[in-house]
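Participant: Numbering follows the UniProt record's numbering, in which position 116 of the sequence shown is assigned residue number 116; successive positions increment by one, without gaps.
Using N, Cα and C, we set each Cβ at its ideal position, and we do this for glycine too.
Quick caveat: nothing in here was measured; it's all calculated off a predicted structure.
Mind looking over this structure? Questions follow.
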Amino acid sequence: MSIRHWPEGERPREKLLSLGAAGLSDAELLAIFLRVGVRGRSAVDLARDLLGRFGGLRQLLEADYQHFCAEYGLGEAKYVQLQAVMELSRRHLASQIERGGALTSPSLVRAYLAAQLRHLAHEEFAALFLDTQHRVIRFESLFRGTLDSASVYPREVARRALDLGAGAIIFAHNHPSGVAEPSDADRRITTRLKDALELFDIRVLDHFVVGDGEVVSFAERGWL
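This is the structure:
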């Protein structure tokens, strides 16, 4: 049955207008983006099939051009539109968090860092440099690759923080496995960084570990 024949409260567009975007499932949101289905399949059916074939929303959003277009004949236009939507989302979050105002929303910081790191296929360690009033100075990627004692250098982090005049830092890195639970190595590195930066009166406010659907905060765990 075509979506237009569904009860109004079950149609994705009408449901979004009534409940807001957060009230829709991944399949319903994707169906709005797709707009139309294929022969014998509504847009919602197609969206569910795509999510199943790719293994989830993250895998679909991060699929390369060839893989994306190989499924159900999705073409270049849809791929380009999807990449544009994702980049708009990242820039919107960046504009909210990089205006120079003091950080007051932990949820916004979490969403911003997740948007910057979650889609990466490799492990990346980054920092949000802040002034003494916790206003954003800059977000930078610092190290790339598996994190261990040999790949993260507190001296380089401290030098960069001093160059930028930072008074506080929020660290973040992703786990490409999708599991956000911090490792023992993550905790050791954070302790080393915190101890090194304290010598220069630079506070480590938090360290976020980004996974597929979860972002773990060291501060919330009481580890800082």
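Going by DSSP in three states, Ala161 sits in which element: helix, strand or coil?
Facilitator: Here residue 161 is taken as the residue at index 161 of the sequence shown, counted from 1. Three-state DSSP puts Ala161 in a helix.
Participant: Between the alpha carbons of Gln83 and Leu61, how many angstroms are there, rounded?
Facilitator: Here residue 83 refers to the residue found at position 83 of the sequence shown. Here residue 61 refers to the residue found at position 61 of the sequence shown. Computed Cα separation, rounded: 8 Å.
Participant: Closer than 8 Å is the cut-off here; do at least three beta carbon pairs connect the region 115 to 124 with the region 163 to 171?
Facilitator: Counting Cβ pairs under 8 Å, fewer than three are found: no touch.
Participant: Are the region 47 to 55 and the region 13 to 31 in contact at 8 Å, needing three or more beta carbon pairs?
Facilitator: A contact exists between the region 47 to 55 and the region 13 to 31.
Participant: Using the C-alpha atoms, what's the distance from Ala161 back to Pro188?
Facilitator: Within the sequence shown, the letter at position 188 stands for residue 188. Within the sequence shown, the letter at position 161 stands for residue 161. According to the sequence displayed, residue 188 carries Arg and not Pro. Near 20 Å, if we compare the C-alpha coordinates of Ala161 and Arg188.
Participant: Hey, Phe208 and Ala158 are a contact pair by Cβ (cut 8 Å); roughly how many whole angstroms apart?
Facilitator: Position 208 of the sequence shown, counted from the start, is the residue given in the question as residue 208. Position 158 of the sequence shown, counted from the start, is the residue given in the question as residue 158. The pair is not a contact, with the Cβ atoms about 20 Å apart (cut-off 8 Å).
Participant: State the Cα-Cα distance for the pair Glu124 and Gly56, rounded to the nearest angstrom.
Facilitator: Stepping through the sequence shown from its first residue, residue 124 is reached at position 124. Stepping through the sequence shown from its first residue, residue 56 is reached at position 56. Glu124 and Gly56: Cα-Cα distance of roughly 22 Å.
Participant: Can you tell me the Cβ-Cβ gap for Val38 and Leu30, rounded? I've got them flagged as a contact below 8 Å.
Facilitator: As a first step, residue 38 is located in the sequence shown; it is residue number 38 there, counting from the start. As a first step, residue 30 is located in the sequence shown; it is residue number 30 there, counting from the start. Val38 to Leu30, Cβ: 14 Å. No contact.
Participant: Looking at the structure shown, is His207 part of a helix, part of a strand, or coil, going by DSSP?
Facilitator: Counting from 1 along the sequence shown, the entry for residue 207 is found at position 207. Strand, per DSSP.
Participant: Leaving out five residues before and five after Tyr112 in sequence, what residues of the same chain have Cβ atoms less than 6 Å from its Cβ?
Facilitator: As a first step, residue 112 is located in the sequence shown; it is residue number 112 there, counting from the start. If we look at Tyr112 and ignore the five residues flanking it on each side, its Cβ neighbours are Leu93 and Ile97.
Participant: How about Pro154 and Leu130: do their beta carbons lie closer than 9 Å?
Facilitator: As a working note, residue 154 is residue 154 in the sequence shown. As a working note, residue 130 is residue 130 in the sequence shown. Their beta carbons are not under 9 Å apart, which means Pro154 does not touch Leu130 by this criterion.
Participant: Nearest to Val216 by alpha carbon, out of Leu199, Val204, Glu198 and His175?
Facilitator: In the sequence shown, residue 216 corresponds to position 216, counting from 1. Of the candidates Leu199, Val204, Glu198 and His175, the one whose C-alpha sits nearest the C-alpha of Val216 is His175.
Participant: Can you tell me whether Asp186 is buried or exposed, with buried defined as 16 or more other CB within 10 angstroms of its CB?
Facilitator: Locating residue 186 in the sequence shown gives position 186, counting from the first residue. Answer is buried; the Cβ neighbour count reaches 16.
Participant: For Ala150, count the other beta carbons within 10 Å of its own beta carbon; 16 or more makes it buried, fewer makes it exposed. Which is it?
Facilitator: Position 150 of the sequence shown, counted from the start, is the residue given in the question as residue 150. Any reading at Ala150 needs caution, since the residue's pLDDT is 49, under 50, leaving its predicted position unreliable; the model's value is listed next. Under this definition Ala150 is an exposed residue.
Participant: Identify whether Arg35 lies in helix, strand or coil by the three-state DSSP scheme.
Facilitator: The residue you call residue 35 lines up with position 35 of the sequence shown. Arg35 falls in the coil class under three-state DSSP.
Participant: Pick helix, strand or coil for Ala168, following the three-state DSSP scheme.
Facilitator: The residue you call residue 168 lines up with position 168 of the sequence shown. Looking at Ala168 - three-state DSSP - the assignment turns out to be strand.
Participant: Short check: CB of residue 228 to CB of Gln81, under 9 Å?
Facilitator: Because the chain spans 1 through 224 in this model, residue 228 falls outside it and cannot be assessed.
Participant: Provide the residue span of the beta strand (DSSP E) that contains Glu62, from first to last.
Facilitator: Counting from one through the sequence shown, the residue named residue 62 turns up at place 62. Taken as a continuous stretch (DSSP letters only), Glu62 belongs to no beta strand (DSSP E), as it is neither H nor E.
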